[in-house]
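Student: Residue numbers (our numbering): 10 to 132.
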C-alpha cells in the first residue's frame, strides 16, 4: 500500500492490531485485523468474530441474524491456515441485540464475537 496506518489497541482483557489505508483520498479501508488480511469498509454497524474455519459456522451465525431480521450488508472472512482459526467481519444494517450476540458467542466453533458501531467521521 502506498500509505498504511497500523494501530495497536490494548486493554486489560485483550490486545489487537489493525491496519488501514485510504484509496483515492476518500475511500478508507481496514486491510488487516490481527494479521488476517481483508478489505473492510469501516462504517456503520459491524460484528467481528474469531471462529474455527470449518463448514457451517458462518451459516449458523448468519441464520441467527436473519431470524432477528438483521440484514448483512457486507462480509469479509480471513484465515491464515485452512481449518484453523479464522476471522469474520460482518457489516450489518442495524444494531444487534445483546441476546443475538450471546447466541452467536455460544455457538460451537465461535471463539470471540463483538459488536461495534463505527463512527461516520473517520476520514
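A virtual CB, placed ideally from N, CA and C, is assigned to each residue, including glycine.
For residue 62, does the count of other Cβ atoms within 10 angstroms reach 16, so buried, or fall short, so exposed?
Tutor: Buried is the call here.
Student: Could you check whether the stretch 48 to 62 touches the stretch 14 to 21, counting it as contact only if at least three pairs of C-beta atoms, one from each stretch, sit closer than 8 Å?
Tutor: These segments do not touch.
Student: With a 10 Å radius around its C-beta and 16 neighbouring C-beta atoms as the bar for buried, classify residue 74 as buried or exposed.
Tutor: It is buried - the Cβ of residue 74 has at least 16 other Cβ atoms within 10 Å.
Student: With burial defined as no fewer than 16 other Cβ atoms inside 10 Å of the residue's Cβ, what is the status of residue 92: buried or exposed?
Tutor: Residue 92 comes out exposed.
Student: Is it true that the stretch 40 to 47 meets the stretch 80 to 94, where meeting means three or more beta-carbon pairs spaced less than 8 Å apart?
Tutor: Yes, since at least three Cβ pairs between the stretch 40 to 47 and the stretch 80 to 94 fall closer than 8 Å, the two stretches touch.
Student: Given a cut-off of 8 Å, decide if residue 99 and residue 50 are closer than it, judged by their beta-carbon atoms.
Tutor: Cβ distance not < 8 Å, so residue 50 and residue 99 don't count as in contact.
Student: Can you give me the Cβ contacts of residue 94 inside the same chain, cut-off strictly under 8 Å, excluding the 5 residues immediately before and after it?
Tutor: These residues qualify, in order along the chain: 59, 60, 61, 62, 88 and 120.
Student: Relative to the C-alpha of residue 12, which residue among 124, 32 and 71 is closest?
Tutor: The option with the nearest alpha carbon to residue 12 is 32.
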